[in-house]
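Reading through the structure tokens given below for one structure.
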Amino acid sequence: MEGARGSLFRTRLKCDVRNGVALFYFEAILIQNHSHTKLFMPNHTSVVIFGGSGDLTKRKLIPALYSLAARGMTDKTFSIIGFARTKKSDDAFRNDLTKAIHEFKKDVNDAVWQSLLKNIHYVSGGYGDAAAHQALHQKIAEINGVAAEEVNTLYYLSTPPEEFQNIIEQLGAIYNRANRREDVYRRIIIEKPFGYDLASAVHLNDILATYFRERDIFRIDHYLGKETVQNVLVFRFANAIFEPLWNSRFIDNIQITVAEDIGVGSRAAYYDKSGALRDMIENHILQVLSYVTMEAPIALTADAVRDEKVKLLRSVKIYTPEQANGNSVRAQYSGGVVDGENVKGYREEDESVKDSQTETYVLLKLEIDNWRWFGVPVYVRTGKRMTKRATEISVAFKASPSVLFNAGADQTLEENVIAIRVQPNEGISLLIDAKVPGGTATEIKSVQMDYRYKENFQRDTPEAYERLLHDAMTGDPALFIRRDESETAWHIVEPFLTAWQQPEAPLYTYPAGTWGPNEADELIHRDNRHWHRV
Ligand code: BG6
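Going by our numbering, the sequence shown opens with residue 2, and the numbers climb by one from there.
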């Protein structure tokens, strides 16, 4: 049945049968330029999590989906299907998740959880097994009471990366791209690591492009889901006072630190193949860097923002392997004390890594070869088992002329710094020099002007995964990585990977609980600069 509603809308009464119950709903279609863009999707949406019994599912994905349900942002008929190799019944899977939700989420509303739980299912099988994928396809149809082709489906790949290709090809075999229905979505979210190097990232992108349209591919980087990272663009482009200063004329250097106090724990098998460069810099840190240094986009659309990010990443100087060696420090933690507790060194974490040459700390000095940033070094560093957990961006301004307050040998002025605290103690500080009250001589001290999230907005910020899952379900890719972005980022880190493969490439050590190896301090001191307070 169809009815007209003005010239822009057409509504259609539709009926689906679910578990023997008829569901009627109106579907509104926007008619524009002879093309049809659906405003309201039919009720059926299934999220399929490959790697359903894994850690990420329990810690992040299920809590995020629960929060969306609790905030009324999912339909009643929304369902979740875990897919993994381990054999398990729906009930056993539900029990595992019930334990996990109470462990990883505070104040769980039992009514919301129970109603979500009814719509959680499980399918077991090999990721490359055609029969298991057929069973999944049938399960989607069965749960929703309509053909699987009519269900909006979001596939979440949270498996080891070796399985990505198998899964994508199986999904490709089931759904014929040519017969795709424009009014039903089939999207795919891919967890990191997205490739192991440039060649493997290109290969993965090619496989994806064979079966999915770019607009249906969501390469996830959870740092983009963080409120404080999104706020970098607001800080820069909503406040007219900073942007005129945001360039090489006024800025001396930029530092991005992602310090973690945790070690690799039970993830040694994954981590040892990856290392800090692939695990943190290729993705999270380069994403943050592009927000801090890109030009203003012409609009806030996904492509306008990502165009600027790619343009910035393309301006990062590609080093030769020799230059990469001279502009980097990599190191591994040895035993030490973190938070008053004795902790093991990296090589003692697991028998399999006892001779490991994998870095758990990296410092890179990068250069951005464009008109805005020419000559401004960007120091990025990350490490496990450092003194504390702190992610901070600091932008240091050039010194003022020495003629007045820092003319004497007894007075040195601290540089002005804008420090953006991504986590914890989320906020932004501006370090300025101020006169110490009293006295006859002018004594100057650095003081801090502060914006703190907690004090200004008394509300919990949503978890990164909550925002990102929501955006993928509504089809907004702005906070996801586009193909060209992922490949450009690999291009930047490749010379470091090449340089570090050489047997003579140094791998330093640092005791757990410190700020990293001495060699990292030496690199920055060589430039007559120092680390800002984190
Ligand atoms: C992940 C890395 O992507 O990010 C981990 O694989 C790391 O090694 C984590 O611990 C850090 O994320 P967050 O949100 O705790 O800073």
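Here a beta-carbon is modelled for each residue, glycine too, at the ideal position from N, C-alpha and C.
Compute every distance between the C-beta of Met387 and the non-hydrogen atoms of the ligand BG6, then say whether any falls below 8 Å.
-> Flag unset: Cβ of Met387 not near the ligand BG6.
Is the beta carbon of Arg530 less than 9 Å from the beta carbon of Pro402?
-> Contact flag unset, no.
Mind checking who Asp434 pairs with in its DSSP beta bridge?
-> BP columns for Asp434 point to Ser447.
Assign Glu604 to buried or exposed, taking buried as 16 or more other Cβ atoms, counted over all protein chains shown, within 10 Å of its Cβ.
-> Limits of the chain in this structure are 2 at one end and 535 at the other, which puts residue 604 out of reach.
What span of residues does the alpha helix (DSSP H) with Thr383 cover, start to end?
-> Taken as a continuous stretch (DSSP letters only), Thr383 belongs to no alpha helix (DSSP H), being part of the beta strand (DSSP E) at 379 to 384.
Three-state class that DSSP yields for Thr392 in the structure shown | Thr392 carries a strand assignment under DSSP once its states are collapsed to helix, strand and coil.
Can you name, in chain order, every residue of its own chain whose Cβ lies under 7 Å from the Cβ of Val494, other than the five neighbours on each side?
-> So the list reads Leu278, Ile282, Glu283, once near-sequence residues are dropped.
If you count every other CB in all the chains shown that lies within 10 Å of the CB of Pro478, and 16 or more means buried, which is it?
-> Its Cβ being crowded by 16 or more others within 10 Å, Pro478 is buried.
Is the beta carbon of Ile190 less than 9 Å from the beta carbon of Leu155?
-> Yes. Within cutoff.
Please confirm whether Ala391 and Ala521 have their CB atoms less than 9 Å apart.
-> In this structure, Ala391 keeps its C-beta atom at 9 Å or more from the C-beta atom of Ala521.
Have a look at Asp528 and Leu367 and give me their C-alpha separation to the nearest angstrom.
-> Taking the straight line from one Cα to the other gives about 13 Å.
Same chain, Cβ closer than 8 Å to Arg315, five either side skipped, listed in chain order = Hits under 8 Å: Thr489.
Which runs of the beta strand (DSSP E), 3 residues or longer, sit entirely within the stretch 62 to 111?
-> Complete beta strand (DSSP E) runs here, min 3: 80 to 85.
Who are Arg220's beta bridge partners in DSSP?
-> Answer by DSSP bridge pairing, in chain order: Ile191, Ile482.
Residues of its chain near Asp451, where Cβ-Cβ distance is below 7 Å and the 5 sequence neighbours each way are ignored = For Asp451, where only same-chain residues beyond five positions count, the Cβ hits under 7 Å are Gly428, Ser430.
Minimum C-alpha distance to Glu486 - residue among Ala465, Glu215, Glu464, Val404 = Ranked by Cα distance from Glu486, the first of Ala465, Glu215, Glu464, Val404 is Glu215.
Should the stretch 356 to 372 be regarded as contacting the stretch 224 to 239, the criterion being three or more beta carbon pairs within less than 8 Å?
-> Flag = no, the stretch 356 to 372 and the stretch 224 to 239 do not touch.
Is the Cβ-Cβ distance between Phe230 and Ile255 less than 9 Å?
-> Looking at the sequence provided, one finds Val at residue 230 rather than Phe. Against a cut-off of 9 Å, the Cβ pair of Ile255 and Val230 comes out as no contact.
Contiguous beta strand (DSSP E) assignments of at least 3 residues, all confined to the stretch 284 to 343 | Contiguous beta strand (DSSP E) elements confined to the stretch 284 to 343 occur at 329 to 335, 337 to 339, taking only those with 3 or more residues.
Determine the DSSP secondary structure at Tyr466, reduced to helix, strand or coil.
-> In this structure, Tyr466 counts as helix in the three-state DSSP scheme.
Which term fits His35, buried or exposed, when burial requires 16 or more other beta carbons within 10 angstroms of its beta carbon?
-> Residue placement at His35 is poorly supported in this model, since its pLDDT is 33, which falls under 50; the coordinates still yield a value, given next. Exposed, by the Cβ-count rule.
With burial defined as no fewer than 16 other Cβ atoms inside 10 Å of the residue's Cβ, what is the status of Val423: buried or exposed?
-> Val423 comes out buried.
To the nearest angstrom, how far is it from the Cα of Ala70 to the Cα of Ala131?
-> C-alpha separation (whole angstroms): 32 Å.
Is Ala490 near the ligand BG6, with its Cβ less than 8 Å from a heavy atom?
-> For the ligand BG6, no non-hydrogen atom lies closer than 8 Å to the CB of Ala490.
Would you report the Cα separation of Gly173 and Asp304, rounded to the nearest angstrom?
-> Pairing Gly173 with Asp304, the inter-Cα distance amounts to about 26 Å.
For Phe213, which of helix, strand or coil comes out of DSSP?
-> DSSP places Phe213 in coil when its eight states are reduced to three.
Start and end of the alpha helix (DSSP H) containing Gln171?
-> Where Gln171 is concerned, the enclosing alpha helix (DSSP H) stretches over 165 to 175.
Residue range of the unbroken beta strand (DSSP E) whose run includes Thr154 = 153 to 158 is the extent of the beta strand (DSSP E) around Thr154.
Under 8 Å from any heavy atom of the ligand SAM, does the C-beta of Lys193 make it?
-> Ligands present in the displayed structure are limited to the ligand BG6, and the ligand SAM is not among them.
What does a CB cutoff of less than 6 Å around Gly276 pick up in its chain, not counting 5 residues either side in sequence?
-> Within the same chain, Gly276 has close Cβ partners Thr359, Glu360.
If you count every other CB in all the chains shown that lies within 10 Å of the CB of Leu31, and 16 or more means buried, which is it?
-> Summary for Leu31: the model assigns pLDDT 37, below 50, so the residue's position carries little reliability, and this model does not support an answer.
From the DSSP output, in three-state form, read off Ile254 for me.
-> For the sequence presented, residue 254 should be read as Asn rather than Ile. Asn254: strand per DSSP, three-state reduction.
C-alpha distance - Ile1 paired with Asp222, whole-angstrom precision = Absent from the model: residue 1. The displayed extent of the chain is 2 to 535, so no value can be given.
Return helix, strand or coil for Arg460, following the three-state DSSP convention.
-> Arg460 falls in the coil class under three-state DSSP.
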